[in-house]
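Top line first, the protein sequences correspond to chains U and S. Positions in the first sequence are counted from 1; adding 1058 to them yields my numbering. Positions in the second sequence are counted from 1; adding 8 to them yields my numbering.
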Amino acid sequence: MAVKQISIFVENKEGRIKKAIDTLAKENINIRALSIADTTKYGILRLIVSDNEKAIEALEKDGFIVKENEVIILAVPDEPNGLNSTLEVFDEKGINLEYLYAFVSSKTDEAIVVMRLENMEKAIEALDESNVKILDEDDIKNL
Amino acid sequence: MFWNEKAECMEKEEKEKLQLERLQETVKLAYENVEFYKKRFDEIGLKPEDIKTLKDIEKIPFTTKSDLREAYPLGLLAVPREEIVEVHASSGTTGKPTVTAYTQNDLDIWGECIARGLKMAGAEKDYIIQNAYGYGLFTGGFGIHHGGNSMGAITIPISAGNTQRQLDTMVDFQSDILTCTPSYAMYLGESREKAGIPLEDINLKAGIHGAEMWTDEMRKRIEVSLGIKTHNIYGLTEVMGPGVAQECDFQNGMHIQDDHFYPEIINSETGETLGYGEKGELVLTSLTKTGMPILRFRTKDLTSLIADKCECGRTTVRMTRITGRSDDMLKIKGVMVFPSQIEKALLKVSGISPNYMIHVTRPDILDEVEVKVEATKELFSDEMKEMERVEKQIQASIRSETGLRVDVSIVEPETLPRSEGKAVRVIDERNFD
Ligand SMILES: [Zn+2]
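As structure tokens, this is what we get:
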């Protein structure tokens, strides 16, 4: 099952990322995972937060461009080859990975990985056939 | 067919002789009566007698809009105040307005020029002209009005606005000719369709439209929605108002009333005079006005001149559609670029028109151009690959529109500078010293 992530466009200017984070903090929105992809000019801030709707509204009000889209969140065993065996599932089906970022939770030994794949539908199908653990919205809330 | 066949179909030699005589008179009048012109001439040691041929006009310094502003309101009169009967002014979006003052004779010339244009649009004495140009300081309303009077046609001074009344008037009076800005004509056409008034219920035959830039696409829409033939009209307050030039039925360039206004095309950077067919800035000199004669006024409008006799039989020089303003033009790496081209290129990529800014620098000896584009939801993606693709697409689109390779930067919304609410499109930081 896919989970919704939000992405924010931030220019590589001092204080822009902080400003986005501050905006979320002011609305009491929790950030569960975060990653930044950047060039010399701008970055794409990707976030898993507690309340997308509220987050988007607050960010847009502060002038940010925000997009919501689907990602897959997986729990990967914290052991050598843990991530590799997961990625193999996609390789076998020829599904390309767009990006991924990981974080750890204090409540589990597993590494939590956020992934965006070229073909989300096919990716979910592939995972369903494997024994990889996909996390849903409720799982995320409890992390 | 012609309002003034003698003037409009005059042979070249005779026309040039007339133009020279009138130019010499105008120069003398300006030099002897207007402090501003006398000073300009004296500074370079030029005397009215030095104007011996039409080509000698190139010796006369240019007059600019800021010269007119400095003379605000009535500093450039060449006749005693009691001879002035009317004034008009152009709106001052930047600084003070520029004022033009007319003697009765000047108004008669204006009326004559407009009457020639009305005739080009097919008007007769019994025609009803629905004049939906604004009446006021703006020259549109009164200019057409004077022309209607000169012709002896029936002018309805309805002015701009009140669309319902415009439509009612079209139907009730069976107006023959509509005069207004092209955008208002388009709006009236759409309003007619919306109101469900069949084309058969109106009797419009022609439209005379100007005072703003319009495209062929707009022309088609106006012609279809009102069932008329449209005629592009040109003029500017600083010189007289509408009627300096207008299209005939062949819609192939606007006939300049060149027995009253002498046109030149110059290279807007060097001031050098260009030949027929070459594109540059239009410069106009009045040949018959006496209230406020104007010598070599830089219009900033970019066009080119056609010397050949028109299919309609008129021999007056024609000017092509205005394609831009010289003050908007940028010369980058030797290439002429208009901000409108960048806008067009952006529109092709995203289907939306984002806010943008052109930043030109010359870090070393070569120009560098950065086009900053404010991000929109449509342009933004969570994938870097996609963002890079959009940038490349914008780059390619600008390249095919302008021939320039530019650096594209997507920036956050509402971050590009705006001045008085208007977007600043160009920042040129090149040092030309
Ligand atoms: Zn013609």
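All residues carry an ideal CB built from backbone N, CA and C; glycine is no exception.
Suppose the cutoff is 7 Å on Cβ atoms and the five residues either side in sequence are ignored; what does the same chain contact list for residue i look like?
i, result
"S:Arg407", "Arg413"
"S:Val107", "Tyr80, Pro81, Leu82, Val95 and Ala97"
"U:Glu1195", "Val1061"
"S:Ala109", "Leu82, Leu85, Ile92, Val95, Gly299 and Met300"
"S:Val345", "Leu338, Thr410 and Leu412"
"S:Ser389", "Met395"
"U:Thr1081", "Ala1116, Leu1117 and Asp1120"
"U:Lys1191", "Leu1132 and Ala1133"
Assuming residue i contacts residue j under a Cβ cut-off of 8 Å, what Cβ separation, rounded to an integer in Å, is found between them?
i, j, result
"S:Ile122", "S:Gly215", "Rounded, the Cβ-Cβ distance is 14 Å, inconsistent with contact."
"S:Leu313", "S:Ile273", "6 Å"
"U:Leu1117", "U:Ile1075", "Their Cβ separation, rounded to whole angstroms, is 12 Å, which puts U:Leu1117 and U:Ile1075 out of contact at 8 Å."
"U:Val1124", "U:Ile1131", "Not quite, the Cβ-Cβ distance comes to about 19 Å (not below 8 Å), so this is no contact."
"U:Val1129", "U:Val1172", "5 Å"
"U:Asn1154", "U:Leu1141", "Contact flag wrong, Cβ pair sits at about 16 Å."
"S:Leu310", "S:Asp267", "With a Cβ gap of about 24 Å, S:Leu310 and S:Asp267 do not count as contacting."
Going by alpha carbons, who is nearest to residue i out of the options?
i, options, result
"S:Ala140", "S:Tyr39, S:Thr187, S:Ser348 and S:Leu303", "S:Thr187"
"U:Asp1167", "U:Ile1114, U:Ile1153, U:Leu1145 and U:Ala1133", "U:Ala1133"
"S:Val198", "S:Ser405, S:Ala404 and S:Arg229", "Here the sequence assigns Glu to residue 198 of chain S, which means Val is not the residue at that position. Nearest of S:Ser405, S:Ala404 and S:Arg229 to S:Glu198, Cα basis: S:Arg229."
"S:Lys20", "S:Asp50, S:Lys47, S:Leu62 and S:Ala168", "S:Leu62"
"S:Gly119", "S:Gly149, S:Asn211 and S:Gly155", "S:Gly155"
"S:Leu31", "S:Val357, S:Thr245, S:Lys46 and S:Lys60", "S:Lys60"
"U:Tyr1157", "U:Leu1193, U:Gly1073, U:Ser1093 and U:Asn1088", "U:Ser1093"
"S:Asn275", "S:Asp335, S:Gln259 and S:Glu225", "S:Asp335"
"U:Asn1189", "U:Glu1146, U:Glu1126, U:Leu1201 and U:Asn1177", "U:Glu1146"
"U:Asn1139", "U:Asn1127, U:Gly1121, U:Ala1169 and U:Glu1183", "U:Ala1169"
"S:Asp415", "S:Pro371, S:Lys400 and S:Val434", "S:Lys400"
"S:Lys356", "S:Thr328, S:Leu387 and S:Pro371", "S:Leu387"
"U:Asp1197", "U:Ala1184, U:Arg1090, U:Lys1180 and U:Gly1152", "U:Arg1090"
"S:Arg7", "S:Arg329, S:Gly142 and S:Ser167", "Nothing in the structure corresponds to residue 7 of chain S, since chain S is present only between 9 and 441."
"S:Glu29", "S:Glu51, S:Ile65 and S:Thr423", "S:Ile65"
"S:Arg200", "S:Gln265, S:Asp176, S:Thr223 and S:Ser358", "S:Asp176"
"U:Asn1212", "U:Ile1106, U:Glu1137, U:Thr1098 and U:Leu1201", "Summary: the structure shown does not reach residue 1212 of chain U, with chain U confined to residues 1059 through 1201, and so no result is reported for it."
"S:Pro105", "S:Tyr45, S:Leu76 and S:Gly204", "S:Leu76"
"S:Gln138", "S:Ile117, S:Thr171 and S:Asp116", "S:Thr171"
"S:Lys385", "S:Val379, S:Gln403 and S:Pro362", "S:Pro362"
So, for residue i: in the same chain, excluding its five sequence neighbours on each side, which residues have a beta-carbon less than 6 Å away from its beta-carbon?
i, result
"S:Met159", "Ala123 and Leu126"
"S:Gly235", "Leu207"
"S:Glu376", "Thr369"
"S:Phe10", "Glu16"
"S:Met178", "Ile210"
"S:Asp436", "Val368"
"S:Ile418", "Val381 and Ala383"
"S:Glu255", "His239, Asn240 and Met262"
"U:Ser1108", "Ile1087 and Asn1088"
What does residue i reach in chain B if we use C-beta pairs closer than 8 Å?
i, result
"S:Met365", "The displayed structure is made up of protein chains U and S, and chain B is not among them."
For residue i, count neighbouring C-beta atoms within 10 Å of its own C-beta (all shown protein chains included) and say buried if the count is 16 or more, exposed if not.
i, result
"S:Ser74", "exposed"
"S:Gly411", "exposed"
"S:Val35", "buried"
"U:Ile1064", "buried"
"S:Arg326", "buried"
"S:Arg322", "buried"
"S:Arg173", "exposed"
"U:Ser1164", "exposed"
"S:Thr147", "buried"
"S:Pro190", "buried"
"S:Ala353", "buried"
"S:Lys393", "exposed"
"S:Ser246", "A small correction: the amino acid at residue 246 of chain S is Glu; Ser does not occupy that position in the sequence shown. Classification of S:Glu246: buried, given that the 10 Å Cβ count is 16 or more."
"U:Phe1148", "buried"
"S:Gln182", "exposed"
"S:Asp114", "buried"
"S:Phe258", "exposed"
"S:Lys308", "buried"
"S:Arg397", "exposed"
Who are the near neighbours of residue i in its chain, counting only those whose CB is closer than 8 Å to its CB and skipping five residues on each side?
i, result
"S:Val87", "Asn41, Thr111, Thr298 and Gly299"
"S:Asp134", "Ala161 and Ile162"
"S:Tyr192", "Ala140 and Ala168"
"S:Pro165", "Asn139, Tyr143, Gly149 and His153"
"S:Ser348", "Gly332 and Asp336"
Return yes when at least one heavy atom of ligand 3 lies under 7 Å from the C-beta of residue i, else no.
i, result
"S:Arg322", "Absence of ligand 3 is noted for the structure shown, with ligand 1 being the only ligands found."
Looking at chain S, which residues of the stretch 1099-1129 of chain U have a Cβ within less than 7 Å of any of its Cβ atoms? Lys1099, Tyr1100, Ile1102, Arg1104, Gly1121, Ile1123, Lys1125 and Asn1127
Going along the stretch 408-419 of chain S in order, which residues come within less than 7 Å of chain U, judged by CB to CB distance? Ser417, Ile418 and Val419
The stretch 1156-1177 of chain U: positions lying closer than 8 Å to chain S by Cβ: Glu1156, Tyr1157 and Arg1174
Below 8 Å between beta carbons is the criterion; list the residues of the stretch 366-386 of chain S that meet it against any residue of chain U, in chain order. Ala383, Thr384 and Lys385
Chain S contacts made by the stretch 1081-1097 of chain U, where a contact means CB separation under 7 Å: Residues Ala1095.
Name, going along the chain, the residues of the stretch 228-260 of chain S whose beta-carbon falls closer than 7 Å to a beta-carbon of chain U. none
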